[in-house]
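Residue numbers (my numbering): -4 to 288. Down below is the structure, laid out as structure tokens.
Here is the structure:
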């Protein structure tokens, strides 16, 4: 079916962590900090996690002064929490026949409607069609991240900043000449990192997101230096987690260390118990009954 459909699979060039940090600093509203060669991302005021949580073999030699931090590690003896990451494993050969019946049906609809995945480099498409898709996405979902982009001039500056990094890719799903969705992705070391998927209403109806993910997973199988696909942290939004898990994602239960004063953690546990649970992370056993995929 879709595995035999023609897909133009473009290879990624790998970014170093420093290149990725430069990319994030130029294209996002995130606050990053380099401490003795290790890159941290500010999660909220006074709290940092690694810029690359999917590379736990890189461990910090020192931490931001006066801040709370949480980072993954392989030495489980020093772990006191978990980082729950959403990943697609590429160790086994991906094939759409291994997807659930409903997901195969979604792909079939997308292919039968003539949808295509293409790498977008044409500035006119980016400034015109991509902007309209982005506005539609924001108004439909209430997406608030870096909300200046809803203004055309800021959106244009964002797109131009992306074009300064040729190792990054922006793929779109098209129906004929019309853009339905787009997504930015980068290969950091040996991990393919997916940024937020921007979907139009028509794209949702025609399952463009399933075709987009199928495209990435085919690339990951084809390109030998891609170890896995990283699709963000496990979220407090049940529907978003389920959306990814039923499409073949897994939760990586990465042992982690959180360095914070014990009284402060206990206060968070009492005052904001749900946030505390997600901060400390979940074991596979704790999530196995809630998410049955």
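Where is the CB? At the ideal position from N, CA and C, for every residue including glycine.
1. May I have the straight-line CA-CA distance separating residue 171 from residue 24, to the nearest angstrom?
2. Kindly indicate the opening and closing residues of the alpha helix (DSSP H) around residue 45.
3. Roughly how many whole angstroms lie between the Cα atoms of residue 162 and residue 261?
4. Touching or not, the region 137 to 150 and the region 234 to 244, by the rule of three or more beta carbon pairs under 8 Å?
5. So residue 128 packs on residue 177, CB below 8 Å; how close in whole Å?
6. Would you tell me roughly how many angstroms separate the C-alpha atoms of residue 39 and residue 26, rounded to the nearest one?
7. Nearest to residue 107 by alpha carbon, out of 15, 32, 203 and 120?
8. So, with DSSP's three-state summary, where would you put residue 273?
9. Excluding the 5 residues flanking residue 160 on each side, which residues of the same chain have their C-beta closer than 6 Å to its C-beta?
10. With DSSP collapsed to three states, give me the class of residue 73.
11. For the candidate residues 22, 151, 268 and 218, whose alpha-carbon lies nearest to that of residue 85?
12. Taking DSSP as the reference, what is the three-state secondary structure of residue 251?
13. Going by other Cβ atoms of all chains shown within 10 Å of its Cβ, with 16 needed for buried, is residue 132 buried or exposed?
14. Near residue 5, what residues of its chain come up, given a Cβ to Cβ distance below 8 Å and the 5 sequence neighbours on each side ignored?
15. Between which two residues does the alpha helix (DSSP H) carrying residue 88 extend?
16. Determine the closest residue to residue 186 out of 60, 49, 216 and 94, with distance taken between C-alpha atoms.
17. Within 7 Å: the Cβ of residue 240 and any heavy atom of the ligand NAP?
18. Can you list, in chain order, the residues of its chain with a C-beta nearer than 8 Å to that of residue 274? Leave out the 5 residues immediately preceding and following it.
19. List the whole-angstrom C-beta distance separating residue 121 from residue 154, where the pair is believed to meet the contact cut-off of C-beta under 8 Å.
20. Can you round the beta-carbon distance between residue 157 and residue 22 to whole angstroms, since I take them to be within the 8 Å contact cut?
21. Cβ atoms of residue 276 and residue 251: under 8 Å apart, would you say?
22. With a CB to CB cut of under 6 Å and the five nearest residues on each side skipped, what residues in its chain are close to residue 43?
23. If you run the structure through DSSP and keep just helix, strand and coil, what is residue 235?
24. In angstroms, rounded to a whole number, what distance separates the CA positions of residue 222 and residue 198?
25. For the beta strand (DSSP E) that residue 66 lies in, which residues bound it at each end?
26. Could you pull the start and end residues of the alpha helix (DSSP H) that residue 198 belongs to?
27. Determine the extent of the alpha helix (DSSP H) in which residue 265 is found, giving its start and end residues.
28. Would you report the Cα separation of residue 83 and residue 224, rounded to the nearest angstrom?
Reading from the atomic positions:
1. Taking the straight line from one Cα to the other gives about 33 Å.
2. No alpha helix (DSSP H) contains residue 45, which is instead part of the beta strand (DSSP E) from 42 to 45.
3. Roughly 44 Å between the two C-alpha positions.
4. no
5. Yes, they are in contact, since the Cβ atoms of residue 128 and residue 177 sit about 6 Å apart, within 8 Å.
6. 9 Å
7. The shortest Cα separation from residue 107 among 15, 32, 203 and 120 belongs to 203.
8. helix
9. 18
10. helix
11. 218
12. Strand, per DSSP.
13. buried
14. Excluding positions up to five away in sequence, the list reads 114, 164 and 214.
15. Counting along the chain, residue 88 falls outside any alpha helix (DSSP H), and DSSP gives it neither H nor E.
16. 49
17. The ligand NAP is not part of this structure, which contains no ligands at all.
18. 65, 76, 253 and 263
19. 5 Å
20. That belief holds up - the Cβ atoms of residue 157 and residue 22 are roughly 6 Å apart, short of 8 Å.
21. Yes, they are a contact pair.
22. 35, 37, 59, 62 and 64
23. helix
24. 29 Å
25. 63 to 67
26. For residue 198, the uninterrupted alpha helix (DSSP H) run begins and ends at 196 to 200, by DSSP.
27. 257 to 266
28. 5 Å
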